[in-house]
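**Student:** Per my numbering, residue 13 is the first one in the sequence shown, and the count goes up by one each step.
Starting off with a structure, shown below.
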Amino acid sequence: REMGERVTASHTTAMGSYDNAYCSKLFRLLKMSKINFVSCPTESIHLQGRFDTYPKRRGLTRVAEIDRAGMNVCFGQDSIVDPWYPLGNGNILRILEAGLHICHMLGYEDLQRGLDLITDNSARTLNLGERYGLEVGRPANLLVLSAPDDYEMLRTQGHALLSVRNGEVLMRRTPAQIQRY
């Protein structure tokens with residue numbers, strides 16, 4: 013139906029249990045389809061395999077493999093203080109950190125572009141097109157972060173210092189100060 017980029021497969025947790033031969037065939041078809049993927053790592057690691065005996069399934073889709081195969085994948089959270097994930101609070105930076113750990117994505121290249129999994133890739137998934145990015149004429153929706161790059165943001169567990177939505181400041185954080193003696 014040529015819907016491709018307007019379609020998103022959420023969770024796809026079963027893919028984490030498929031054998032590599034099957035996944036290899038599946039990836040060829042998925043790449044041709046141009047669909048997007050969203051992984052909710054904290055929910056998946058909590059829910060999937062919880063009743064297994066050992067060895068326990070991790071229950072996550074193949075985030076790193078999907079990404080490295082050139083398909084669009086992002087992290088999200090769909091459970092905010094609910095029975096499926098009672099610790100959900102919508103902090104996407106927390107989801108990113110957990111996802112990178114859970115998906116074994118702590119290599120240099122993954123960390124250098126880690127924020128893409130919750131920014132650029134998410135915008136592609138949402139099909140935002142011209143409504144995304146810092147360009148004259150686009151909606152002023154942005155965060156100012158407390159670190160100069162992806163790696164430092166992840167390493168220091170940084171924070172959003174400023175949140176702007178449609179040009180309106182929604183939140184401003186004053187960084188904590190530490191006095192050493």
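The beta carbon of each residue, even a glycine, is placed where N, CA and C say it ideally should be.
1) Look at R69 and G61 and say whether their C-beta atoms are less than 7 Å apart.
2) Could you say which of N178, S45, C52 and N139 lies nearest to L105 if we only look at CA atoms?
3) Do you know how far the Cα of R18 is from the Cα of L140?
4) Where do the ends of the beta strand (DSSP E) carrying N84 lie?
5) Just confirm the distance between the C-beta atoms of L127 and M165, as a whole number of angstroms; I'd bet it's less than 8 Å.
6) Quick check on the burial criterion: 16 or more other C-beta atoms within 10 angstroms. Buried or exposed for L38?
7) Which residues share a DSSP beta bridge with Y97?
8) Can you give me the C-alpha to C-alpha distance between R177 and G149, rounded to a whole angstrom?
9) Spell out the partners DSSP gives H172 in its beta bridges.
**Tutor:** Taking the structure as given:
1) yes
2) Of all alpha-carbon atoms in N178, S45, C52 and N139, the one lying nearest the alpha-carbon of L105 is that of C52.
3) If I take the Cα positions, the gap works out to 10 Å.
4) N84 to F87
5) 7 Å
6) exposed
7) Answer by DSSP bridge pairing, in chain order: D94.
8) 14 Å
9) Contrary to the premise, residue 172 reads as Ala rather than His in this sequence. L157, per the DSSP bridge assignment.
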